[in-house]
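To convert, note that position 89 of the sequence shown is 114 in the numbering used here; the numbers rise steadily by one, no gaps.
From the three backbone atoms N, C-alpha and C, an ideal C-beta is built for every residue, glycine too.
These numbers were taken from a predicted model, which means no experiment stands behind them.
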Amino acid sequence: MPRSPDLLFATSNDHKYSEASEILGGHGLSLGRLECDLVEIQSPSLSEIASKKAADALLLCSRPVIAEDAGLFVDSLNGFPGPYSAFVHATMGCAGVLRAMAGGARTASFCAAVAYAKPGAPAPRVFESRVRGTIAHGELGDGWGYDPIFVPEGSSETYAQMPDKSRVSHRALALGMLAGWLTRTRQSCARSGASSCA
Ligand code: ITT
């Protein structure tokens, strides 16, 4: 009988799921999917949004589950689109963001908050990441979301042009923290013989 995955990822986004599977697979964790479109609360905090999504997802699946909220924060636009990144991409695309920031400083951050919820835990645990970078002057490479315009610090290519985006991205950082914490917690749980582990 096939083993059930270590975790589920509650997301409506195929790209996020496939990147997360690859990243967590590299940490020895298998990822299943809870395909759902959870209602997102309005908040300036990615962590608060991700935490609520994970708590709602837990009610649907009653198994260890993660949810993520991510966003592009452009400095010259005072952090816009930030938590509104999905809506802004769907309505204006990368081209709209490039137009809005014309003439402004090009620095930006790509941030992610990954929330982990499990039955019996008092609240989701959140792992936050931030990758600094710049916004290219045009769309470069074939990628999803804002990948064609975001150039992470230390690279001369956009996420869309990078073969190893999933090693260095905001998603890789947050999921790497989660994987490290889960591994440590499960190891110490196993050593102590506790019946309920992370
Ligand atoms: P779920 O909430 O269902 O997981 P979503 O696409 O709505 O899926 P978010 O609310 O986190 O996800 O929206 C963030 C948006 O930011 C996303 O729709 C993309 O447009 C963009 N985005 C997030 N991570 C990205 C990445 O790694 N590369 C490119 N764009 C990204």
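Beta-carbon distances below 5 Å to any heavy atom of the ligand ITT define the shell here; list its residues in chain order, please. Taking each Cβ in turn, the ones that pass are T36, S37, N38, D94, A95, S110, A111, H114, G170, Y171 and D172.
Taking all protein chains shown into account, do 16 or more other C-beta atoms lie within 10 angstroms of the C-beta of P173, making it buried, or fewer, making it exposed?
Its Cβ being crowded by 16 or more others within 10 Å, P173 is buried.
Rounded to whole angstroms, how far is the Cβ of M126 from the Cβ of L102, which I believe are closer than 8 Å?
6 Å
Stretch-stretch touch, CB-based, cutoff 8 Å, three pairs: the stretch 27-41 with the stretch 180-188
no
Cross-strand partners of I160 (DSSP beta bridge): F175
Kindly provide the ranges of any beta strand (DSSP E) runs that are 3 or more residues long and lie completely inside the stretch 121-153, ordered along the chain.
-> 132-142
(Q) Among R131, C61 and S154, whose alpha-carbon lies nearest the alpha-carbon of A161? (A) R131
_Given this structure, state the Cα-to-Cα distance separating A133 from P144, to the nearest angstrom._
37 Å
- Selected residue, minimal CA-CA separation from L203, among A140, S87 and G179: A140
### Query
Going by C-alpha distance, which of L207, A120 and Q212 is nearest L165?
A120
| L203: first and last residue of the uninterrupted alpha helix (DSSP H) it sits in | Run containing L203: H195 to S217, per the alpha helix (DSSP H) assignment.
Start and end residues, alpha helix (DSSP H) containing E47: D39 to G50
Going by DSSP, what residue range makes up the beta strand (DSSP E) through L63?
Element bounds for L63: n/a, residue is neither H nor E.
Return the first residue and the last residue of the alpha helix (DSSP H) that E73 is part of. L71 to C86
*Straight-line gap, Q67 to M187 (C-alpha atoms, nearest Å)*: 32 Å
Indicate whether A95 and A45 have their beta-carbon atoms separated by less than 8 Å. No, these two residues do not count as a Cβ contact at 8 Å.
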